[in-house]
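Note that full-length UniProt numbering numbers the sequence shown so that position 33 is 33, with each residue one more than the last. The beta carbon of each residue, even a glycine, is placed where N, CA and C say it ideally should be. Note that the structure is a prediction, hence the values are computed from the model and not measured.
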Amino acid sequence: VVLCETATAAESVIEAFMGLKQNIMVQEYIKEAGGADIRCFVVGDKVIAAMKRQAKPGEFRSNLHRGGSASLIKITPEERMTALR
């Protein structure tokens, strides 16, 4: 995970990964998320589980191997619909 603070930095990082023939995924950074995200596990047309991942203090990445934590959650109907799209 790389956080690019400018468009120029993002272009540079993208070019570097493309030069290495690596697949990449670009996402907008959402500062208001506070280092948290929700992961929904979908099988067929059903959400079978969901978890919230939270980054450790001072970190923006919620990866568990970087010290983040995870907990099972109940998602809202709106979150369920988003996961099923």
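Check: Can you find the residues in the same chain that come closer than 6 Å, C-beta to C-beta, to Phe17, ignoring five residues on each side of it along the sequence?; Outcome: Ile24
Check: Mapping the DSSP letters down to three states, classify Ile24 as helix, strand or coil.; Outcome: coil
Check: Have a look at the DSSP bridge pairing and note the partners of Asp37.; Outcome: Arg53
Check: Whose CA, out of Val47, Glu32, Val43, Ala7, lies closest to the CA of Lys74?; Outcome: Val47
Check: Inspect the CB distances between the stretch 5-22 and the stretch 52-72 and report whether three or more fall short of 8 Å.; Outcome: no
Check: Could you work out which residue in Ser62, Ala70, Glu78, Leu20 is closest to Ile30 when comparing CA atoms only?; Outcome: Ser62
Check: Given this structure, state the Cα-to-Cα distance separating Arg80 from Gly35, to the nearest angstrom.; Outcome: 21 Å
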